[in-house]
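Below you'll find the structure, written out as structure tokens, and then a few comments.
In the working numbering, the protein residues as written are 8 to 181.
What follows is the structure, given as structure tokens:
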């Protein structure tokens, strides 16, 4: 005869597993419905409708910046926060990279501060210059890019870490 305690353990385990299974199936069903109801094109249209003309125009700009300073007194901060800049292009000739053992950490810190500026810039209400009304800017993450042809020096922008990307020709040959 099976002890009563073992039977209770089996029933409890089965009950817990069935609850977990139904929760997972239910949650997956909701997520898939939400995903089907909002395709990327409709989400993009919705995002553009919420943006002011100034924000839409700012998204078109991808600029270069000098150095690795992104504090509130820097020009890049002003462009990101007040002019809704869409992206930044980092180049070694503009001193956007440091060299040495902390190069990767320095690059991550710099790009994180750029993204943080973008996020904090949309957290406060601003006055729309066209209408004079208050609005909260729409958050779109900052596009950060580099020109990275690969194949080592002088074609690599970021030489401070163990990043050795193949050239376009080498990629095409594979």
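Yeah, the Cβ is synthetic: ideal placement off N, Cα and C, and Gly gets one too. Owing to the predicted nature of the structure, the values given are computational and were not obtained by experimental measurement.
From residue 168 to residue 111, what distance separates their C-alpha atoms? Confidence at residue 168 is low in this model, with a pLDDT of 49, below 50, so its placement is unreliable and no value can be given for it.
Per DSSP, residue 97 is paired with what? 153
So what does DSSP say about residue 122, is it helix, strand or coil? helix
Whole angstroms are fine: how far does the CA of residue 85 sit from the CA of residue 123? 13 Å
What did DSSP end up calling residue 72 once you bin it into helix, strand or coil? coil
Looking at C-alpha atoms only, which residue of 55, 176 and 155 is the closest neighbour of residue 67? 55
How should residue 11 be labelled, buried or exposed, when 16 other C-beta atoms within 10 angstroms of its C-beta is the threshold for buried? exposed
If I follow the unbroken alpha helix (DSSP H) through residue 85, where does it start and stop? 82 to 89
What residues are listed by DSSP as bridge partners for residue 134? 141
Residues of its chain near residue 150, where Cβ-Cβ distance is below 7 Å and the 5 sequence neighbours each way are ignored: 69, 93 and 94
When you compare only the Cα positions, how much space is there between residue 103 and residue 148? 19 Å
Identify the continuous alpha helix (DSSP H) that holds residue 177 and give its terminal residues. 175 to 180
Buried or exposed for residue 178, please, with buried defined as at least 16 other CB atoms from any protein chain shown within 10 angstroms of its CB. exposed
Using 10 angstroms around the beta-carbon of residue 139, count the other beta-carbons present and answer buried if the total reaches 16, otherwise exposed. exposed
Nearest-angstrom Cβ-Cβ length linking residue 128 and residue 83, presumed shorter than 8 Å: Contact flag wrong, Cβ pair sits at about 12 Å.
Hey, would you say residue 75 sits closer than 9 Å to residue 105, going by beta carbons? yes
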